[in-house]
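There are 2 protein chains.
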Amino acid sequence: MKLNEAKQQFVQLWGAFGGAWGINKTMAQVHALLLVSTDSLSTEDIMNELSISRGNANMNVRELMAWNLVYKDFKQGERKEFFKAEKDMWEVATRIAKERKRREIQPLIASLNMLTDIDEDKRVKEVKEYVDMLNSIHSIVSKMDSAVDTLIKTEENKFFNAFMKLFKSI
Amino acid sequence: MKLNEAKQQFVQLWGAFGGAWGINKTMAQVHALLLVSTDSLSTEDIMNELSISRGNANMNVRELMAWNLVYKDFKQGERKEFFKAEKDMWEVATRIAKERKRREIQPLIASLNMLTDIDEDKRVKEVKEYVDMLNSIHSIVSKMDSAVDTLIKTEENKFFNAFMKLFKSI
DNA sequence: TAAAACTTTCAGTAAATATTGAAAGTTTAG
DNA sequence: CTAAACTTTCAATATTTACTGAAAGTTTTA
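Line by line, the protein sequences give chains U and E. For the first sequence, the working numbering assigns the number 103 to the initial residue and increments by one for each residue that follows. For the second sequence, the working numbering assigns the number 103 to the initial residue and increments by one for each residue that follows.
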């Protein structure tokens, strides 16, 4: 397969699977487009490449910046804003995980805590069964939360180690 | 909080977060309703409890059965079908993971393999950068795939061990 | 075999979500 | 300061997704 053909198909693929990772289709396409672009792109470039409106392009780029997946990249002598994607895919995975943890896992844990607090006799079978079920959901979700923390820590350590390497020769 | 109030709120909560786990709102509500019900429920019960149509109730129950999260439960002397949910939440997590692996991870891996196969000179920087990025996505997604396999294996072993216990006394 | 009891399907409709594009807002250059 | 270059907003609209309910299909009973 030719490079440019593959890149285009990757944009489509990433768009189609975006939904599965909690990211909407166009946002995922913009992300993919920036991932496969050697240079950073302007809003106009994105509009043209994906055939989408200015408003849509702008909105999705903002959202990608909110997820920390895309940065502004100012070019010498250009007034326009350009955008480039974080290309270290482990970093990307970490940031998506971090964001979803914040948006989904943590509020869920908080709600589960509320709903487990029943002021009826826990020796009654029906009460016990309910509380046990909620506790086990709580335990699973907490474990996922910890798993994400581990991933984040691992990435942070990688960064720290890379940073320390700079001083190794001293 | 009172048990019944909590149960109702749990149905709403599970519905709201369902989307995040790749499950649609009503399907998640039906699931939650069956999870908190002591007895198994008929289509009519579900329609009434959730104020949804017969078609909708039927469709979502079928879908939950396709995900292996809900079973038919025939009652003595009743002609109607009744449904009950798998209540072991680790088992539930495993089955959701299994299904998402099948629907999302595996097709994604297959597509990534296609898109990594570029017939241009890999010494060219642009080609190399693209291939490296795709390989690192591939590596991450494969790791998630393996993680799911581990989860499934763990559950299967639990089942096997429980099964073996039955013969312990022999 | 007929009709009652139930389940499934699906065309039409409703609801939710995403997109457009023109107008308003902001920044920079001259 | 003000016009040009650019970014952001948001009401209107389009698209996608989910839901309804009546009709068709199936199974059971008598």
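Positions of the beta carbon are idealized from the N, C-alpha and C atoms, including for glycine. Source: prediction; values computed, not measured.
Entirely within the stretch 160–221 of chain E and at least 3 residues each: give me those beta strand (DSSP E) ranges in chain order.
172–174, 184–187, all fully within the stretch 160–221 of chain E.
Determine the direct distance from the alpha carbon of residue 108 of chain E to that of residue 221 of chain U, and round the result to whole angstroms.
10 Å
Should residue 249 of chain E be labelled buried (16 or more other beta-carbon atoms within 10 Å of its own) or exposed?
exposed
Please confirm whether residue 168 of chain E has its beta-carbon closer than 8 Å to some beta-carbon of chain U.
Output row for residue 168 of chain E: interface = no.
Local conformation of residue 143 of chain E per DSSP, three classes:
Here DSSP, grouped into helix, strand and coil, assigns residue 143 of chain E to strand.
With residue 135 of chain E as the anchor, note down where its alpha helix (DSSP H) starts and where it stops.
Note, residue 135 of chain E: alpha helix (DSSP H), 127–138.
How big is the Cα-Cα spacing for residue 233 of chain E and residue 117 of chain U?
Computed Cα separation, rounded: 19 Å.
Distance, Cα to Cα, residue 274 of chain E vs residue 229 of chain U?
Nothing can be reported for residue 274 of chain E, as the shown portion of chain E is limited to 103 through 272.
Rounded C-alpha distance that separates residue 255 of chain E from residue 192 of chain E:
12 Å
So what's residue 242 of chain E in DSSP terms, helix, strand or just coil?
helix
Give me, in chain order, the residues of the same chain whose beta-carbon lies closer than 7 Å to that of residue 203 of chain U; leave out the 5 immediate sequence neighbours on both sides.
Around residue 203 of chain U: 247, 250.
Does the beta-carbon of residue 157 of chain E have 16 or more other beta-carbons within 10 angstroms, so that it is buried, or is it exposed?
exposed
Does the CB of residue 120 of chain E have a neighbour CB from chain U at under 8 Å?
no
Three-state class that DSSP yields for residue 115 of chain U in the structure shown
helix
For chain U, is any of its Cβ atoms less than 8 Å away from the one on residue 206 of chain E?
yes
Can at least three beta-carbon pairs, one atom from the stretch 168–188 of chain E and one from the stretch 129–144 of chain E, be found at a separation below 8 Å?
yes
Along the stretch 125–151 of chain U, where does the CB come closer than 9 Å to a CB of chain E? Name the residues.
137, 138, 140
In this structure, how does DSSP classify residue 260 of chain E when only helix, strand and coil are distinguished?
Correct three-state label for residue 260 of chain E: helix.
For residue 186 of chain E, decide whether its Cβ has a neighbour in chain U, counting only Cβ atoms nearer than 8 Å.
no
Report yes if the CB atom of residue 236 of chain E is closer than 8 Å to the CB atom of residue 115 of chain U, and no otherwise.
Not a contact, by the Cβ cut-off of 8 Å.
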